[in-house]
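Residue numbers (the working numbering): 1 to 300. For reference, the structure discussed in these notes is given below.
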């Protein structure tokens, strides 16, 4: 019994059903309603984690990136990125960093990085701010359709014999002798209620993990601190071509991406603490200002 129909829950359903377990997944909204359809659309190894020295995490992510390309080539493809250099020392530092990134990817790499002159950088991204531009570092990462991948995962889990129901909300846990033995669920469309027995219940509700934990013990301390990240969508004219921009360090130390996406440009992201996760998050004015201000530094 899996609670939550995002990327993690769907992955659990595939794994369990493929192993022959009787598998049921319940999702209270659409599959991938939450975080799993609101990403930056990137399958990347995590350049910023490399910058932080977290090599083991980068290795794991690069391996997964390669598996995604192998398993879902209709939804995952290589995307060229340019790290812009506006100071003489940035080229050598980022150039070496991207070579390390290439080496860590090994045979699962999406393409080899290289240094670019100012002219070549502007050829690739003509809307870059030319004043002070010293050149760029080209590297490759992955782009994917997060929502479509989730739906394909749901289809795969069903093909393996799993049962996946959306608009079926888990409202409580069944317990016997202190052990969880199933869930109470409500059909969101009809209001009908059910008790469903299960030998194992998996909590795969992402940022709402603590809600399910509190069904088990209302005194449990929260383990998730909520934050939100926003993106803005611009017209294609702001970033013509098929090359993305990666800004390795903004004013608050975050990475900023501007990527081509379905004849538009997605720019993000932020990381803003919020009191609690919202099912329909809305951008704050200061978040919009942050993204627009930084994008304006790099795009004419």
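From the three backbone atoms N, C-alpha and C, an ideal C-beta is built for every residue, glycine too.
- Separation of residue 98 and residue 240 (C-alpha to C-alpha, rounded to the nearest whole angstrom) is 24 angstroms.
- Secondary-structure assignment with DSSP links residue 88 through no beta bridge to anything.
- Residue 75 is positioned such that its CB atom lies closer than 8 angstroms to that of residue 152.
- By the 16-neighbour rule on beta-carbons within 10 angstroms, residue 143 is buried.
- Looking only at 222, 237 and 206, the smallest Cα-Cα distance to residue 35 is reached by 206.
- Residue pairing for residue 203: DSSP places it in a beta bridge opposite 3.
- The beta carbon of residue 272 sits closer than 7 angstroms to those of 227, 228, 284 and 287, all from its chain and outside the five residues before and after it, given in chain order.
- The way I'd put it, the stretch 26-33 doesn't touch the stretch 48-60; fewer than three beta-carbon pairs between them come closer than 8 angstroms.
- Note: residue 77 is bridge-paired with 143 in the DSSP secondary-structure output.
- Taken through DSSP and simplified to helix, strand or coil, residue 214 comes out as helix.
- With a 10 Å radius around the Cβ and a threshold of 16 neighbouring Cβ atoms, residue 89 comes out exposed.
- Nearest neighbour of residue 277 by Cα position, chosen from 211, 296 and 178, turns out to be 211.
- Close CB contacts of residue 39 within its chain, under the 6 angstroms cut and outside five residues either way in sequence, are with 146 (chain order).
- Within the stretch 256-290, the complete beta strand (DSSP E) runs of at least 3 residues fall at 256-261 and 264-268.
- By the CB criterion at 8 angstroms, residue 83 and residue 248 fall inside the cutoff.
- A contact between stretches requires three or more CB pairs, one per stretch, nearer than 8 angstroms, and the stretch 154-173 meets this requirement with the stretch 12-24.
- Per the Cβ contact rule, the stretch 182-189 is not in contact with the stretch 253-263 (fewer than 3 Cβ pairs under 8 angstroms).
- As the crow flies, the alpha-carbon of residue 223 is around 44 angstroms from that of residue 127.
- C-alpha of residue 138 to C-alpha of residue 195: approximately 55 angstroms in a straight line.
- A Cβ-Cβ separation of about 13 angstroms leaves residue 86 out of contact with residue 122 under the 8 angstroms criterion.
- Rounded to the nearest whole angstrom, the C-alpha separation of residue 124 and residue 217 is 55 angstroms.
- For residue 49, the uninterrupted alpha helix (DSSP H) segment begins and ends at 47-51.
- When secondary structure is reduced to three states using DSSP, residue 232 falls in the strand class.
- Annotation: residue 274 to residue 225 spans about 8 angstroms, alpha carbon to alpha carbon.
- Here DSSP, grouped into helix, strand and coil, assigns residue 56 to helix.
- Under DSSP, residue 163 takes part in a beta bridge, and its partners are 24.
- Annotation: the continuous alpha helix (DSSP H) that includes residue 122 extends over 118-124.
- By the neighbour-count criterion, in which a residue is buried when 16 or more other Cβ atoms sit within 10 angstroms of its Cβ, residue 251 is exposed.
- When only Cα atoms are considered, residue 268 and residue 167 end up about 30 angstroms apart.
- Taking C-alpha positions only, residue 291 is separated from residue 91 by approximately 24 angstroms.
- By the beta-carbon neighbour count (other beta carbons within 10 angstroms, threshold 16), residue 221 is exposed.
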